[in-house]
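Notes follow the structure.
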Amino acid sequence: MSDGRLLRLVAPLIFGLLVLALWEWAVRHYDIPPYIAPGPMLVFKTLWTDGPSLLGSLWVTLRIAFTALAVAASLSLALAILMSQSRWIEASLLPYAIVLQVTPIVSIAPLIIIWVKDVFLSLLVCAFIVAFFPVLSNTTLGLNSADRGLVDLFRLYGASRWQTLLYLRMPTALPYFLAGLKISGGLALIGAVVAEFVAGSGGVETGLAFRILEAGYRLQIPRLFAALLMLSLTGIAIYFLLDRLAYLLLRNWHESAMPNER
Amino acid sequence: MPPPLLTLADVGKEFANGVEALSGISLSVDPGEFVALVGASGCGKTTLLRLIAGLTEPNSGRVTWSRRDDGRGSRIGYVFQEPTLMPWATVSGNVYLPLRLQGVSRRAAEPRIRDVLAQVGLSDFADAYSRQLSGGMRMRASIARALVTDPDILLLDEPFAALDELTRFKLNEDLLRLWRTRRLTILFVTHSVFESVFLATRVVVMSSRPGRIAAELPIGFAGERDAVLRTTAEYGRTCHDVSQRLATASGVAA
């Protein structure tokens, strides 16, 4: 392992452990009751004991987040391709995509929950709205970023619109799409959680967000922290998963996946 | 004498912003010729090449081809100033592109790809990505891609301008070898007098703003065109002659 990687692994680890130790010390030293702020030891213990019951809720939230991400990615990709084919379509649709993006999801979530009967579906719609824009805007940019020389080359050989899209514009857009996907992955999780907060109930099955609310109402603060920790770890896992996917798809040719040789 | 492969008759080109790029260009290229177009930067050399390739339309005059084919598509091999390779594809994938766009299957294209890669000396790099290649090797890949369709004419737009001198000399000699063995017709744009005299059987000197043809000089040497030629007095004299005409055409005192 190179020095750089060791540094990037060990430094945050040491810093994190220091903060946790300070936290544990402060909680004990000042005798702070667990319903105000539990120490990290207690949080980990709660995660261990309550974890299995929380896992079911995590699964509900994950299902919403990943379904929303998948739908957002495929719809955005399709829409970006459509917009790249016609300036008219792009000019007509893009402003509304932006309006949807800048309107805070918390403010439209109640409406969606009223309109969409099925709870799972309404949460899905909220998460989708939050997640779709980064993929859309990045992919649109990527589809329009084809090298001018290559565009000429394709014209020279009489490439059809379809061939240019498939062999030139889509490969050019791939790194942009993946960068958008990395942002949308985290946003889908946030969208799922926010929507469930607004809904106040997860219907038959409850997601992790509702369990956090519930723990808060009941002053089960250690459990709240445990659920929060679980949520953060999930977000981190999603990020690394998508980062890995991007690396695997781009490692052969794209600058972003190159090791620093100089 | 066979008819010229390509004839430009009184071709003019004006850009959308009103700048007159080319004016009254009449030029013909015979099969098997190696024509070099020399001119100062911005004299419209690239525009002329793009016009011939059909990438832009002339405002006046005509571009005609001797074949029934309209001269577009696979009839032309084009090498840009930059290697212009697709970074996501391997060298053989890049060379395959023109055939792929014509609907040739990869399997059917494979022997032709291997053939041109061997001719440009890239056989061992068929599976490499362009980032793994040197500048000279990228240009070789670009030339292989232009040759894979067996074009009637090869258009090169200052292809070696960005390379170091040693690499450029080597590629000059390799291009001459390809021209001879494959009986190519080449139209080569450059701003280097030395390069044009070394390569071409005819040098066309262009003036600037608007680009016109100022002089045409047939080039012939007694000996082989190799490294020795660059040191001969005859080569030096010819270069001097072309330089003077270029200086006059560009309005610069020699």
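If you read the protein sequences in the order shown, they are chains F and G.
Last residue of the first sequence: number 279 in our numbering, and the count goes up by one each step with no gaps.
Last residue of the second sequence: number 242 in our numbering, and the count goes up by one each step with no gaps.
Backbone N, C-alpha and C fix where the C-beta goes; we use that ideal spot for every residue, glycine too.
- By the beta-carbon neighbour count (other beta carbons within 10 angstroms, threshold 16), D140/G is buried.
- Within the region 190 to 214 of chain F, the residues whose Cβ lies closer than 8 Å to some Cβ of chain G are L191, listed in chain order.
- As the crow flies, the alpha-carbon of R88/G is around 7 Å from that of R94/G.
- Take N155/F, set aside five residues on each side of it, and the residues of its chain with a beta-carbon closer than 7 Å to its own are Y193, F194, A196 and G197, in chain order.
- Residues of the region 93 to 124 of chain G that bring their beta carbon within less than 9 Å of a beta carbon in chain F comprise Y117, S118 and R119, in sequence order.
- In terms of Cβ geometry, E213/F and L140/F form a close pair [threshold 8 Å].
- About 6 Å separates the beta carbons of P86/G and R133/G, which is inside the 8 Å limit, making them a contact pair.
- Assigned with DSSP and collapsed to three states, P206/G falls in strand.
- Rounded to the nearest whole angstrom, the CA to CA distance from H271/F to L205/G is 46 Å.
- In the structure shown, W53/G adopts extended strand secondary structure according to DSSP, grouped into three states.
- Between L25/G and F176/G, the C-beta gap is smaller than 8 Å, which places the two residues in contact.
- T220/G has a beta carbon lying at 8 Å or more from every beta carbon in chain F.
- With fewer than 16 neighbouring CB atoms inside 10 Å of its own CB, G239/G falls in the exposed class.
- DSSP places G6/G in the coil class of the three-state scheme, outside both helix and strand.
- At a beta-carbon threshold of 7 Å, the residues of chain F lying near E70/G are G166, ordered along the chain.
- Under DSSP, F176/G takes part in a beta bridge, and its partners are A24/G and L144/G.
- In terms of Cα proximity to T189/G, the closest of V(-1)/G, E8/G and G20/G is G20/G.
- The C-alpha of G81/G lies about 21 Å from the C-alpha of L160/F.
- Between K1/G and L(-7)/G, the C-beta spacing is not below 8 Å.
- Contact annotation: L143/G and I207/G have beta-carbon atoms that are not nearer than 8 Å.
- Setting aside the 5 residues that flank it on each side, T78/F is surrounded in the same chain by L206, A209, V210, E213, G224, L225, A226, L248 and T251, each with a C-beta closer than 8 Å to its C-beta; the list follows chain order.
- Chain G places no beta carbon closer than 8 Å to that of Y264/F, leaving this residue out of the contacts.
- A residue is called buried once 16 or more other Cβ atoms fall within 10 Å of its Cβ, and P(-10)/G, having fewer, is exposed.
- Against chain F, a Cβ distance below 7 Å from I141/G picks out nothing, because the smallest value is about 12 Å.
- Chain-order list of chain G residues neighbouring R240/F: empty, with the shortest C-beta distance near 48 Å, by a criterion of under 9 Å.
- Contact with chain G is absent for P112/F, since none of that chain's Cβ atoms lies less than 8 Å from the residue's Cβ.
- The C-alpha of A203/G is placed about 51 Å away from the C-alpha of A97/F.
- Contact between M100/F and L111/F holds: their C-beta atoms lie close to 7 Å from each other, under 8 Å.
- Taking 8 Å as the upper bound for CB-CB distance, L191/F and V152/F are not in contact here, some 12 Å apart.
- Taking a C-beta distance under 8 Å as the contact criterion, V123/F and V215/F qualify as a contact pair.
- When the alpha-carbon of F61/F is set against those of A263/F, L246/F and R235/F, the nearest one is in L246/F.
- Distance between F186/G and A235/G, taken at the CA atoms: about 19 Å.
- For N155/F, there are no neighbours in chain G by C-beta distance under 8 Å, as the nearest C-beta there is about 17 Å away.
- The shortest CA-to-CA distance from H228/G to any of S180/G, K33/G and F68/G is the one to S180/G.
- The closest CA to that of A163/F, considering only G175/F, M187/F, W105/F and F150/F, is found on M187/F.
- Between Y66/G and A41/G, the C-beta spacing is below 8 Å.
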